[in-house]
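The structure under discussion appears below in the form of structure tokens.
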Amino acid sequence: MRAHPGAPTAAPTAAATAGAPGPVRRRRLRRDDVVKFMFVVPAAVYVALFFGYPVVKNVVMGFQDYTTATFFTGEAPWVGLTNYVTAMSSQLFVPALWNTAVFTVGSIAGQFAIGLALAVFFHRKFPLSGFMRAVLLLPWLLPLIVASATWRSIMELDGGILNQALRGLGLDAVPWLTDPDLALTAVILVNIWVGIPFNVTILYGGLQEIPEEQYEAAALDGATGWKAFWHITLPNLRGVISVVLILGVVYTLKVIDIILGLTNGGPANATQTIAIRSYQSSFVDFEFGVGAAFSNVLIVISLVFALVYLRSTRRSAN
5 MRAHPGAPTA
15 APTAAATAGA
25 PGPVRRRRLR
35 RDDVVKFMFV
45 VPAAVYVALF
55 FGYPVVKNVV
65 MGFQDYTTAT
75 FFTGEAPWVG
85 LTNYVTAMSS
95 QLFVPALWNT
105 AVFTVGSIAG
115 QFAIGLALAV
125 FFHRKFPLSG
135 FMRAVLLLPW
145 LLPLIVASAT
155 WRSIMELDGG
165 ILNQALRGLG
175 LDAVPWLTDP
185 DLALTAVILV
195 NIWVGIPFNV
205 TILYGGLQEI
215 PEEQYEAAAL
225 DGATGWKAFW
235 HITLPNLRGV
245 ISVVLILGVV
255 YTLKVIDIIL
265 GLTNGGPANA
275 TQTIAIRSYQ
285 SSFVDFEFGV
295 GAAFSNVLIV
305 ISLVFALVYL
315 RSTRRSAN
């Protein structure tokens with residue numbers, strides 16, 4: 005039966021109505037994906053070129069006989085694990101590994117303990133707190149080679165101001181940088197001084213995010229002082245502490261500026277670390293493959309520590 009010309013047309017079906025905007029939505033989604041992709045690509049290329057490529061190149065160099073001649077000939081024969089065998093069979097490898105562990109643990113413990121104490125101290129409002137926090141950042145702003153040269157002059161046996169102060173108190177001068185039993189301790193103390201501002205800044209920022217209502221509620225229950233610190237401050241800072249410790253360990257493992265400026269790995273190799281061995285193998289002995297092997301050992305240690313620590317913090321959080 006033919007419909008009358010004047011009769012109203014039938015309403016579109018539900019399927020037709022639902023399916024109509026489909027292509028438009030797909031086009032919008034595709035356009036949004038393209039825009040997002042265009043924003044991400046430059047950052048990905050930058051990371052790949054300036055971060056990914058050097059790491060990959062260093063890993064490859066660890067398996068090659070890479071010497072000064074390679075820069076002219078372009079030839080770096082593949083030698084497998086020879087560089088790692090050379091590095092690990094060195095007489096200084098075990099002492100350097102031990103010094104690296106002591107230097108890292110001592111530095112991180114000192115930086116974190118003092119940094120947390122200062123962050124809690126500055127969290128309380130008092131006159132000149134802002135000025136004092138600004139002054140506290142000065143060690144962080146100094147180039148490390150300048151800081152190490154300054155501390156070297158301070159710790160000199162004869163003319164150093166530290167030993168002059170000890171003599172003024174009637175005490176004997178201390179060979180901070182020339183005694184093999186004290187040199188590593190002196191280097192750790194200087195590295196603690198350099199790292200305190202970083203710890204204070206990050207931990208202070210974490211303290212700012214803790215609601216004051218929690219402390220007020222705890223005070224009503226009698227939880228003040230150390231009780232509030234253990235039950236409110238530390239639990240709320242767990243994520244920030246994880247970041248501080250992981251970044252601190254990764255940074256400290258590769259420190260060479262301070263050690264080179266203070267002791268250059270001496271005296272009697274007392275301050276040799278894996279990072280120093282990597283530097284000396286590459287730029288003193290010009291054995292770039294062996295130096296890359298040493299630095300790859302540091303990369304593995306950093307990754308293992310980060311994975312173990314992150315897993316342990318996840319378990320404690322759950």
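Taking the working numbering, the leading residue of the sequence shown gets 5, the next gets one more, and so forth.
For each residue, glycine too, the CB sits at the ideal point set by N, CA and C.
Using DSSP with H/G/I as helix, E/B as strand and the rest coil, what is residue i?
i, result
"Gln95", "coil"
"Trp180", "coil"
"Phe116", "helix"
"Met42", "helix"
"Lys129", "coil"
"Asp36", "helix"
"Ile262", "helix"
"Asn268", "coil"
"Thr317", "helix"
"Phe4", "Outside the displayed range of the chain (5 to 322) lies residue 4, so it cannot be described from this structure."
"Thr237", "helix"
"Glu220", "helix"
"Pro143", "helix"
"Leu175", "coil"
"Leu273", "Reading the sequence as shown, one finds Asn at residue 273 and not Leu. In this structure, Asn273 counts as coil in the three-state DSSP scheme."
"Thr108", "helix"
"Ile165", "helix"
"Thr228", "coil"
Rounded to the nearest angstrom, what separates residue i and residue j at their Cα positions?
i, j, result
"Ala153", "Asp176", "23 Å"
"Gly110", "Leu186", "14 Å"
"Thr189", "Thr275", "9 Å"
"Gln168", "Ile158", "9 Å"
"Gly172", "Ile196", "26 Å"
"Arg35", "Phe41", "10 Å"
"Tyr57", "Gln115", "32 Å"
"Pro16", "Pro215", "Low confidence applies here, because Pro16 scores a pLDDT of 49, under 50, leaving its location unreliable; read the following figure in that light. Going from the Cα of Pro16 to the Cα of Pro215 covers about 56 Å."
"Gln95", "Leu207", "40 Å"
"Val44", "Phe55", "16 Å"
What does residue i pair with, by DSSP beta-bridge criteria?
i, result
"Gln68", "Trp82"
For residue i versus residue j, is the C-beta distance shorter than 8 Å?
i, j, result
"Pro99", "Asn300", "no"
"Phe292", "Tyr88", "no"
"Phe107", "Thr277", "yes"
"Ile236", "Gly119", "no"
"Ala123", "Leu211", "yes"
"Ala279", "Leu302", "yes"
"Phe97", "Ala105", "no"
"Gly78", "Phe67", "no"
"Ile112", "Thr256", "yes"
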